[in-house]
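Read the structure below first, then the notes.
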Amino acid sequence: MSMQCLFEPSIAPPPIDRLISSPRKQSIRSRRFSPSIGRRRFALPRASETMNCLRVEASSEEKKKDKEGKLWGGRFEESVTDAVERFSESVSFDKQLYKHDIMGSRAHASMLAQQGLMTISDRDTILKGLDEIEKKIEAGEFDWRADREDVHMNIEAALTDMIGEPAKKLHTARSRNDQVVTDLRLWCRDAIDGILARIRQLQVALVRLAVKNEGLIVPGYTHLQRAQPVLLQHLLLSYVEQLERDAGRFADCYVRLNFCPLGACALAGTGLPIDRFMTSSALGFTAPMRNSIDAVSDRDFVLEFLSANSIAAIHLSRLGEEWVLWASEEFGFLTPSDSVSTGSSIMPQKKNPDPMELVRGKSARVVGNLVTLLVLCKGLPQAYNRDLQEDKEPLFDSVKTIMGMLEVTSEFAQNITFNRERIQRALPAGHLDATTLADYLVKKGVPFRTSHDIVGRSVALCISKNCQLLELNLDELKGVSPEFEDDVYEFLGVENPIKKFCSYGSTGSDCVAEQLEMWVSKLGIDDDDDDDDQ
Numbered sequence: 001m002s003m004q005c006l007f008e009p010s011i012a013p014p015p016i017d018r019l020i021s022s023p024r025k026q027s028i029r030s031r032r033f034s035p036s037i038g039r040r041r042f043a044l045p046r047a048s049e050t051m052n053c054l055r056v057e058a059s060s061e062e063k064k065k066d067k068e069g070k071l072w073g074g075r076f077e078e079s080v081t082d083a084v085e086r087f088s089e090s091v092s093f094d095k096q097l098y099k100h101d102i103m104g105s106r107a108h109a110s111m112l113a114q115q116g117l118m119t120i121s122d123r124d125t126i127l128k129g130l131d132e133i134e135k136k137i138e139a140g141e142f143d144w145r146a147d148r149e150d151v152h153m154n155i156e157a158a159l160t161d162m163i164g165e166p167a168k169k170l171h172t173a174r175s176r177n178d179q180v181v182t183d184l185r186l187w188c189r190d191a192i193d194g195i196l197a198r199i200r201q202l203q204v205a206l207v208r209l210a211v212k213n214e215g216l217i218v219p220g221y222t223h224l225q226r227a228q229p230v231l232l233q234h235l236l237l238s239y240v241e242q243l244e245r246d247a248g249r250f251a252d253c254y255v256r257l258n259f260c261p262l263g264a265c266a267l268a269g270t271g272l273p274i275d276r277f278m279t280s281s282a283l284g285f286t287a288p289m290r291n292s293i294d295a296v297s298d299r300d301f302v303l304e305f306l307s308a309n310s311i312a313a314i315h316l317s318r319l320g321e322e323w324v325l326w327a328s329e330e331f332g333f334l335t336p337s338d339s340v341s342t343g344s345s346i347m348p349q350k351k352n353p354d355p356m357e358l359v360r361g362k363s364a365r366v367v368g369n370l371v372t373l374l375v376l377c378k379g380l381p382q383a384y385n386r387d388l389q390e391d392k393e394p395l396f397d398s399v400k401t402i403m404g405m406l407e408v409t410s411e412f413a414q415n416i417t418f419n420r421e422r423i424q425r426a427l428p429a430g431h432l433d434a435t436t437l438a439d440y441l442v443k444k445g446v447p448f449r450t451s452h453d454i455v456g457r458s459v460a461l462c463i464s465k466n467c468q469l470l471e472l473n474l475d476e477l478k479g480v481s482p483e484f485e486d487d488v489y490e491f492l493g494v495e496n497p498i499k500k501f502c503s504y505g506s507t508g509s510d511c512v513a514e515q516l517e518m519w520v521s522k523l524g525i526d527d528d529d530d531d532d533d534q
């Protein structure tokens, strides 16, 4: 008889939905301190209740007898408890590996037949059964059972139910240790392909946005303070460049993870004459992993994948932060369309750039998933440990999140308008031409540090007169330094500095035009392309 049953309250509390919807309001404090509730909570059970508890426990014992034997249960005399079963199962989340698990089993069965470890007839029966199971899963007709623990044992047990003895040969020279990590590498390959496609979609959206806003100058910021004028196209292409490096990290990760652990078995390999090169080739891997212990025990490929996800998420978060700021009344540099905005439940006037706020917020989940995996792996001895079951949920969540972030950022980029008049009105403030004025003096032979000081004093003069550098007359400028001449005004304002930038990669008009042309060509952008096809 369980102690929990003996000390249950003699009067069951009302269901939670009744507490929420009940018209009678009772404060949390009064409920907490009610003497009657306190007495009821520790009332001794009636004899009838004790017998009910015994009947429940008896039915639990009957359940244990009815449980299906585990595929690994030969040396065990007792079934695991319900609590252990609930705590240990992973099929609730790893069932999304089913396609990759079946793919691995097909390759493994074909190799076993090739090596004479099963008959051709058994192989064909297994392959046909796996096809049927895959169809059932995709039709939503497959019975996923928690008592079968994971995706692997669910599929294998279902195959055994379907075809009988031949299914029992499928696990020859294979452990769940190498099976699961093979599935996971196959899944990561597909996930990376999906992420790369979405990165390209976002790059295309940003380049298209740059093409639409040719010649638009915006304030460039450092420390969130106005710094120098830049072309909006240049700024947008900076994010395209970051996304390109993100894509490179994912591609590099793909190359390193694309090695096959199948056949490493539990940790030591096998004494049976399997052909790991055959299964590796059949599954599209570069080669089998060289060390069987390493093959089953390490998750560095997941860590690298989540690291690439995290860096990409940070880039997207920074873009989100910039666009959220620019959509504010204080900036007013851009306006999102209604299709990518939300309102307020209380303030009728509000129009919020919520998608980009969520992009900024969801980056925390992606980074958190990386930290979870790092902490998970840091103390594990070689080789496989059950802790590694916990690698999947953070991985699955991270991929789902980054895919959503990329998709919605691309959608947002296609539905915003930059407010040229507002930007142009805001441009004169902040002495954005000060650095170009220092360059002017350098061209006159003045050492840069001296030029820096002269321009600093010129800016101080502007502040005292509440004007811009362009508004100082030549006498006022000469009062600061005799080096100033009539041609100084060719360097002042916001348009002139843009014309003066000429270094490779700079915000000069010609430089940006070259960058933009390169990206249009690299991404294969054509005016007639449909964005959905990118």
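Position one of the sequence shown corresponds to residue 1 (the UniProt record's numbering), numbered consecutively onward.
Yeah, the Cβ is synthetic: ideal placement off N, Cα and C, and Gly gets one too.
Remember, it's a predicted structure, so these values are computed and weren't measured experimentally.
Closest by CA to Gly269, which one among Ala295, Arg318, Gly248, Ser280? If you number the sequence shown from 1, residue 269 lands on position 269. Closest in C-alpha terms to Gly269, from the list Ala295, Arg318, Gly248, Ser280, comes Ala295.
With DSSP as the reference, label Trp144 as helix, strand or coil. In the sequence shown, the residue the question calls residue 144 occupies position 144. It is coil, neither helix nor strand.
Based on Cα-Cα distance, which residue from Ala158, Glu138, Lys136 lies nearest to Ala146? Translated into the one-based positions of the sequence shown, residue 146 becomes position 146. Cα-wise, what sits closest to Ala146 is Ala158.
Helix, strand or coil for Phe396 per DSSP? Against the sequence shown, residue 396 aligns to sequence position 396. Three-state result, Phe396: helix.
Is Val512 buried or exposed, if buried means 16 or more other CB atoms sit within 10 Å of its CB? Along the sequence shown, one-based indexing puts residue 512 at 512. Buried, by the Cβ-count rule.
Mark Phe448 as exposed unless 16 or more other C-beta atoms lie within 10 angstroms of its C-beta, in which case mark it buried. Walking along the sequence shown from the start, residue 448 turns up at place 448. Classification for Phe448: exposed.
Name the DSSP bridge partner or partners of Gln225? In the sequence shown, residue 225 corresponds to position 225, counting from 1. The partner list for Gln225 (beta bridge, DSSP) reads Thr222.
How many Å lie between Ser481 and Asp526 at the Cα? Walking along the sequence shown from the start, residue 481 turns up at place 481. Walking along the sequence shown from the start, residue 526 turns up at place 526. Answer to the nearest angstrom: the Cα atoms are 52 Å apart.
Where do the N-terminal and C-terminal ends of the beta strand (DSSP E) with Pro336 fall, by residue? Translated into the one-based positions of the sequence shown, residue 336 becomes position 336. Start and end: 334 to 336.
Per DSSP, the bridge partner or partners of Leu231: Locating residue 231 in the sequence shown gives position 231, where the first residue counts as 1. The partner list for Leu231 (beta bridge, DSSP) reads Ile217.
Which residues DSSP lists as bridging Cys260, in chain order: As a position in the sequence shown, residue 260 is number 260, starting the count at 1. Cys260 is bridged to Pro288.
For Ile120, report the span of its alpha helix (DSSP H) as first-last. Here residue 120 refers to the residue found at position 120 of the sequence shown. Element bounds for Ile120: 120 to 138.
Alpha helix (DSSP H) containing Phe301: first to last residue? Sequence index remark: in the sequence shown, residue 301 carries index 301 (1-based). Residues 300 to 326.
Span separating the alpha-carbon of Asp397 from that of Arg276: As a first step, residue 397 is located in the sequence shown; it is residue number 397 there, counting from the start. As a first step, residue 276 is located in the sequence shown; it is residue number 276 there, counting from the start. Asp397 and Arg276: Cα-Cα distance of roughly 31 Å.
Taking 8 Å as the threshold (C-beta atoms), are Ala109 and Leu170 in contact? Along the sequence shown, one-based indexing puts residue 170 at 170. Along the sequence shown, one-based indexing puts residue 109 at 109. For Leu170 and Ala109, yes; Cβs fall inside 8 Å.
Count the other CB atoms, across all protein chains shown, that sit within 10 Å of the CB of Ser92; report buried if there are 16 or more and exposed otherwise. On the sequence shown, position 92 is the one that residue 92 refers to. By the neighbour-count rule (16 or more Cβ atoms within 10 Å), Ser92 is not buried but exposed.
Counting C-beta neighbours from all protein chains within 10 Å, is the total for Pro355 16 or more, i.e. buried, or is it exposed? Residue 355 sits at position 355 when you count from the first residue of the sequence shown. A residue is called buried once 16 or more other Cβ atoms fall within 10 Å of its Cβ, and Pro355 is buried on that count.
At the level of alpha carbons, what is the spacing between Leu427 and Asn473? Locating residue 427 in the sequence shown gives position 427, where the first residue counts as 1. Locating residue 473 in the sequence shown gives position 473, where the first residue counts as 1. Going from the Cα of Leu427 to the Cα of Asn473 covers about 20 Å.
Which residue marks the beginning of the alpha helix (DSSP H) containing Ile416, and which one marks its end? Position 416 of the sequence shown, counted from the start, is the residue given in the question as residue 416. It is not in any alpha helix (DSSP H) - Ile416 instead sits in the beta strand (DSSP E) that spans 416 to 418.
Assuming Ala107 and Ala282 form a contact by the criterion Cβ under 8 Å, report the distance between their Cβ atoms to the nearest whole angstrom. What you label residue 107 is simply residue 107 of the sequence shown in a count that begins at 1. What you label residue 282 is simply residue 282 of the sequence shown in a count that begins at 1. Contact holds; Cβ gap of about 4 Å.
The segment 444 to 464 in contact with the segment 225 to 240 per 3-pair CB rule at 8 Å: no
Measure the C-alpha to C-alpha separation of Ile195 and Ile402 and round it to an integer number of angstroms. Walking along the sequence shown from the start, residue 195 turns up at place 195. Walking along the sequence shown from the start, residue 402 turns up at place 402. Distance between the alpha carbons of Ile195 and Ile402 is about 8 Å.
Alpha carbon of Asp300 to alpha carbon of Arg318, nearest angstrom: Here residue 300 corresponds to residue number 300 of the sequence shown, with the count starting at 1. Here residue 318 corresponds to residue number 318 of the sequence shown, with the count starting at 1. Inter-residue distance for Asp300 and Arg318 is about 27 Å (C-alpha atoms, whole angstroms).
What residue does the alpha helix (DSSP H) around Ala282 start on, and which one ends it? Mapped onto the sequence shown, residue 282 falls at position 282. 276 to 282 is the extent of the alpha helix (DSSP H) around Ala282.
Could you tell me which of Ser509, Val204, Pro273 sits nearest to Leu117, measuring between CA atoms? Taking the first residue of the sequence shown as position 1, residue 117 is located at position 117. When only C-alpha atoms are compared, the closest one is Pro273.
My output table needs one value for Ala43: the three-state DSSP class, helix, strand or coil. Residue mapping note: residue 43 aligns to position 43 of the sequence shown, counting from 1. Here the model assigns Ala43 a pLDDT of 44, short of 50, so the residue's position is not dependable, and the following value carries that caveat. Three-state DSSP puts Ala43 in coil, outside helix and strand.
Over what stretch of residues does the alpha helix (DSSP H) that includes Leu470 continue unbroken? For the purposes of this step, residue 470 is identified with residue 470 of the sequence shown, where counting begins at 1. First-last for Leu470: undefined, no H or E at that position.
For the 8 Å Cβ check, are there 3 or more pairs between the segment 194 to 212 and the segment 160 to 170? no
Per-residue DSSP class, three states only, for Asn385: Residue mapping note: residue 385 aligns to position 385 of the sequence shown, counting from 1. Coil at Asn385, not helix or strand.
Nearest to Phe333 (by Cα), restricted to the options Asp143, Glu421, Ala251: On the sequence shown, residue 333 is found 333 positions in, with the first residue counted as 1. Ranking Asp143, Glu421, Ala251 by Cα distance to Phe333 puts Glu421 first.
Going by the CB atoms, is the gap between Met111 and Thr279 shorter than 8 Å? The residue you call residue 279 lines up with position 279 of the sequence shown. The residue you call residue 111 lines up with position 111 of the sequence shown. Yes, these two residues count as a Cβ contact at 8 Å.
Is Thr342 helix, strand or coil by DSSP? The sequence position of residue 342 within the sequence shown is 342, counting from 1. Of the three classes helix, strand and coil, the one that applies to Thr342 here is strand, per DSSP.
Using C-beta distances below 8 Å, list every residue in its chain close to Leu380, excluding the 5 sequence neighbours before and after it, in chain order. Taking the sequence shown and counting its residues from 1, the one referred to as residue 380 is at position 380. Around Leu380: Ser297, Asp387, Leu388.
By alpha-carbon positions, which one of Phe259, Tyr384, Met405 ends up nearest to Ile310? What you label residue 310 is simply residue 310 of the sequence shown in a count that begins at 1. Checking the displayed sequence, the identity of residue 310 turns out to be Ser instead of Ile. Out of Phe259, Tyr384, Met405, Met405 has the C-alpha closest to the C-alpha of Ser310.
Does the pairing of the segment 433 to 443 with the segment 458 to 470 give three or more beta-carbon distances under 8 Å? yes
Own chain residues within Cβ distance below 6 Å of Glu483, not counting five before or after: Looking up residue 483 in the sequence shown gives position 483. Only Leu441, Lys444, Val446 meet the Cβ criterion.
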